[in-house]
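Trainee: Just so we're aligned, residue 9 is where the sequence shown starts under the working numbering, counting upward by one. Sharing a structure with you now.
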Amino acid sequence: MQQNPLAALTDNFLGQSGTWYKQTIIAFLVINPFLFAFDPFIAGWVLILEFIFTLAMALKCYPLQPGGLLAIEAVAIGMTSPESVFHETEANFEVILLLMFMVAGIYFMKSLLLFVFTKILLGIRSKILLSLLFSVVSAVLSAFLDALTVTAVLIAVSVGFYAVYHRYASGGHKTGNHDHSHDGDVHDHHREDLEAFRAFLRSLVMHGAIGTALGGVCTLVGEPQNLLIAQQAGWNFIEFFKVMAPVSMPALVAGLMTCALVEKLGVLGYGAKLPESVRKILMDFDQEESAKRTTKEKVELIVQAVGALLLVLALATHVAEVGLIGLAIIVFLTAFNGIIDEHRIGHAFEEALPFTALLVVFFAIVAVIHDQHLFQPITHALLSLDQNIQGPMFFAANGILSMISDNVFVATVYITEVKSALEAGEISREHFDLLAVAINTGTNLPSVATPNGQAAFLFLLTSALAPLIRLSYGRMVIMALPYTFVLGIVGFIAVFQLAG
Numbered sequence: 009m010q011q012n013p014l015a016a017l018t019d020n021f022l023g024q025s026g027t028w029y030k031q032t033i034i035a036f037l038v039i040n041p042f043l044f045a046f047d048p049f050i051a052g053w054v055l056i057l058e059f060i061f062t063l064a065m066a067l068k069c070y071p072l073q074p075g076g077l078l079a080i081e082a083v084a085i086g087m088t089s090p091e092s093v094f095h096e097t098e099a100n101f102e103v104i105l106l107l108m109f110m111v112a113g114i115y116f117m118k119s120l121l122l123f124v125f126t127k128i129l130l131g132i133r134s135k136i137l138l139s140l141l142f143s144v145v146s147a148v149l150s151a152f153l154d155a156l157t158v159t160a161v162l163i164a165v166s167v168g169f170y171a172v173y174h175r176y177a178s179g180g181h182k183t184g185n186h187d188h189s190h191d192g193d194v195h196d197h198h199r200e201d202l203e204a205f206r207a208f209l210r211s212l213v214m215h216g217a218i219g220t221a222l223g224g225v226c227t228l229v230g231e232p233q234n235l236l237i238a239q240q241a242g243w244n245f246i247e248f249f250k251v252m253a254p255v256s257m258p259a260l261v262a263g264l265m266t267c268a269l270v271e272k273l274g275v276l277g278y279g280a281k282l283p284e285s286v287r288k289i290l291m292d293f294d295q296e297e298s299a300k301r302t303t304k305e306k307v308e309l310i311v312q313a314v315g316a317l318l319l320v321l322a323l324a325t326h327v328a329e330v331g332l333i334g335l336a337i338i339v340f341l342t343a344f345n346g347i348i349d350e351h352r353i354g355h356a357f358e359e360a361l362p363f364t365a366l367l368v369v370f371f372a373i374v375a376v377i378h379d380q381h382l383f384q385p386i387t388h389a390l391l392s393l394d395q396n397i398q399g400p401m402f403f404a405a406n407g408i409l410s411m412i413s414d415n416v417f418v419a420t421v422y423i424t425e426v427k428s429a430l431e432a433g434e435i436s437r438e439h440f441d442l443l444a445v446a447i448n449t450g451t452n453l454p455s456v457a458t459p460n461g462q463a464a465f466l467f468l469l470t471s472a473l474a475p476l477i478r479l480s481y482g483r484m485v486i487m488a489l490p491y492t493f494v495l496g497i498v499g500f501i502a503v504f505q506l507a508g
């Protein structure tokens, strides 16, 4: 029997997400125009909360569609304008270039990075040391490659490991297709090890993701908002590192100590070890891959290593905008590794472009915040405080707002407001630098509390890996909890001392 058109439309709306979720989004869309007519300021804050809801429910439906509908409606009813959205997008063009080209560039280094992470994972038996290494390597890489790029690598590596063992646990052959997203064929005597392996990967990925925040706060390419702040402040790569160091370095040390402590205590989902049976399967796989690696493939790894070195040098000397450096790396690696088919090159852009589109939706919400002056009362209240405590209070305010919203648009709004105060002569250049440090560290460190706070965390939550290892929104919040407290407290104290 054929469905009637209305029922078919209802089924198609937001796809496989639950009926309650669809009804909630429709309720948002219905109520917003009435709220805007009643009080634009209240309507603006309600829109922010609705958008945060779509981020929090990312496993129910990718936020691009529901968040995009909310943004489109906001433009349609006059909460902002297409010109304001374009202005925000244009102002963040460097970030868009970074996402488009840098993440795609790292795609062509995955063989090298998979090789490196495989050696680390299989070569070290101590879980504490392994966790620290994952954190340190992620921190160092994210300082030069950006946190989203490193998270993409962690996702690819973890999915690769998981697929190898899942195929074995399901009795699958080494060749042919295998769906590692379904456990129906997993043999009963492997299920316990599979669950332990999931817990092991969850803890490692979380350490790695938080490592990207620890390293990402240090440099202007580490996080998307760092570029925005550096641009407003006029800092280059080296200057940015130096001004952030009094806060970023203590936070890095405290974060690594937290990593070791939670693994030692085995609390909040940490402490799971790699089962020996799984280790054996992965080691056998690695040995087989190494044995059949051809001279051509070895040369490809060398070319990728050269590309990685050139990337680090180019970023450290800031020879060009980050996104353009990423594009140059794509050209270099594809040219010298024989990847000249447009379809193969196209796959490199699949991971980053949906998130790039979501980021543009973020900018539409930022346009609403600007046009409706939603953060202005908070900013004015902070700037009216005694200058000695403005730095720590900006850190706290940005941290709290980043926990519940997104650190990119929180940083964008606050650095713009502070730059306006500088240009109006309300604050000195020295004080502006302090507030820029507070904004950057405030949006980077406490924001590890939630997936919607960190772009890299949201990227992880909405990735193919999260459902495989049962990494939900709530579980990410719980596992991030010790880091949230430590990084928040250490960062606040460091900014306070810097202000003094």
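Backbone N, C-alpha and C define an ideal beta-carbon position, used for all residues, glycine too.
Measure the CB-CB distance between S143 and T220 and report whether it falls below 7 Å.
Mentor: no
Trainee: According to the neighbour-count rule (16 or more other Cβ atoms, all chains shown, within 10 Å of its Cβ), is Q380 buried or exposed?
Mentor: It is buried - the Cβ of Q380 has at least 16 other Cβ atoms within 10 Å.
Trainee: Considering only residues of the same chain and omitting the five flanking positions on each side of E271, which have a CB-CB separation below 7 Å?
Mentor: K135, I136, S139, Y278 and G279
Trainee: Contact between the region 428-436 and the region 478-488: three or more CB pairs below 8 Å?
Mentor: no
Trainee: By DSSP, does D394 sit in helix, in strand, or in coil?
Mentor: Secondary structure at D394: coil, using DSSP grouped into helix, strand and coil.
Trainee: Do T364 and L107 have their C-beta atoms closer together than 7 Å?
Mentor: yes
Trainee: Would L453 and L495 be called neighbours here (beta carbons separated by less than 7 Å)?
Mentor: yes
Trainee: So, using beta-carbon positions, are T449 and G499 closer together than 7 Å?
Mentor: yes
Trainee: Using C-beta distances below 6 Å, list every residue in its chain close to A164, excluding the 5 sequence neighbours before and after it, in chain order.
Mentor: K118
Trainee: With a threshold of 8 Å, are at least 3 pairs of Cβ atoms found where one atom belongs to the region 202-220 and the other to the region 401-414?
Mentor: Judged by Cβ distances under 8 Å, the region 202-220 makes no contact with the region 401-414, as fewer than three pairs qualify.
Trainee: Can you check whether the CB of L120 is closer than 7 Å to the CB of S166?
Mentor: No; because the gap between Cβ atoms is not below 7 Å, this pair is not in contact.
Trainee: Just the Cα atoms here: how many angstroms apart are V124 and A99?
Mentor: 37 Å
Trainee: With DSSP as the reference, label G346 as helix, strand or coil.
Mentor: coil
Trainee: Got a sec? Which residues, its chain only, sit under 7 Å from E58 by beta carbon, not counting five neighbours each side?
Mentor: F36 and L78
Trainee: Identify the continuous alpha helix (DSSP H) that holds Y176 and give its terminal residues.
Mentor: A155 to A177
Trainee: Using the three-state DSSP reduction, which class does C226 fall into: helix, strand or coil?
Mentor: coil
Trainee: Check for me: the alpha helix (DSSP H) holding H326 runs from which residue to which?
Mentor: Counting along the chain, H326 falls outside any alpha helix (DSSP H), and DSSP gives it neither H nor E.
Trainee: Throw me the rounded Cβ distance for the V161 and I114 pair, which I believe falls under 8 Å.
Mentor: 6 Å
Trainee: Smallest Cα separation from L8: which of G168, K281 and T18?
Mentor: Residue 8 falls outside the range modelled here, since the chain spans only 9 to 508, and no answer is possible.
Trainee: Is the beta carbon of N406 sitting closer than 7 Å to the one on I447?
Mentor: yes
Trainee: If L466 sits next to A147, beta carbons under 8 Å apart, how far is it from one beta carbon to the other, in whole angstroms?
Mentor: Between A147 and L466 the Cβ distance is about 19 Å, and since that is not below 8 Å, they are no contact.
Trainee: Just how far apart, CA to CA, sit P90 and L332?
Mentor: 27 Å
Trainee: Just tell me which of A155, V421, V503 and E308 has its CA closest to the CA of N345.
Mentor: E308
Trainee: Pull up the distance between the alpha-carbon of V369 and that of R287, whole angstroms please.
Mentor: 42 Å
Trainee: Can the beta-carbon of V456 be found less than 7 Å from the beta-carbon of T420?
Mentor: Result no, Cβ atoms of V456 and T420 do not sit closer than 7 Å.
Trainee: Distance check for Y481 and T266, CA to CA, integer angstroms please.
Mentor: 21 Å
Trainee: Got a sec? Which residues, its chain only, sit under 6 Å from L468 by beta carbon, not counting five neighbours each side?
Mentor: T159 and A217
Trainee: So I85 and N40 are in contact, right, with Cβ under 8 Å, and what is the actual spacing, rounded?
Mentor: 7 Å
Trainee: Write down every uninterrupted run of the beta strand (DSSP E) in the region 101-138 whose length is 3 residues or greater and which is fully enclosed by it, in chain order.
Mentor: none
Trainee: With a threshold of 16 other CB atoms inside 10 Å of the CB of F403, please say whether the residue is buried or exposed.
Mentor: buried
Trainee: Could you check the C-alpha separation between A444 and G263 for me, to the nearest Å?
Mentor: Using only the alpha carbons, I get a separation of about 22 Å.
Trainee: What three-state label does DSSP hand C69 in the structure shown?
Mentor: coil
Trainee: In three-state DSSP terms, what is V243?
Mentor: The residue you asked about is not Val; residue 243 is Trp in the sequence shown. The answer is coil: DSSP assigns W243 none of H, G, I, E or B.
Trainee: Assuming contact is defined by CB atoms lying nearer than 7 Å, are I338 and A112 in contact in what I supplied?
Mentor: yes
Trainee: Enumerated in chain order, which unbroken segments of the alpha helix (DSSP H) with a length of 4 residues or greater are wholly contained in the region 400-483?
Mentor: Restricted to the region 400-483, the alpha helix (DSSP H) segments that are unbroken, complete and at least 4 residues in length are 415-431, 437-452, 463-469 and 473-476, listed in chain order.
Trainee: Given a threshold of 16 other Cβ atoms within 10 Å of its Cβ, counted over all protein chains shown, does H355 qualify as buried or as exposed?
Mentor: exposed
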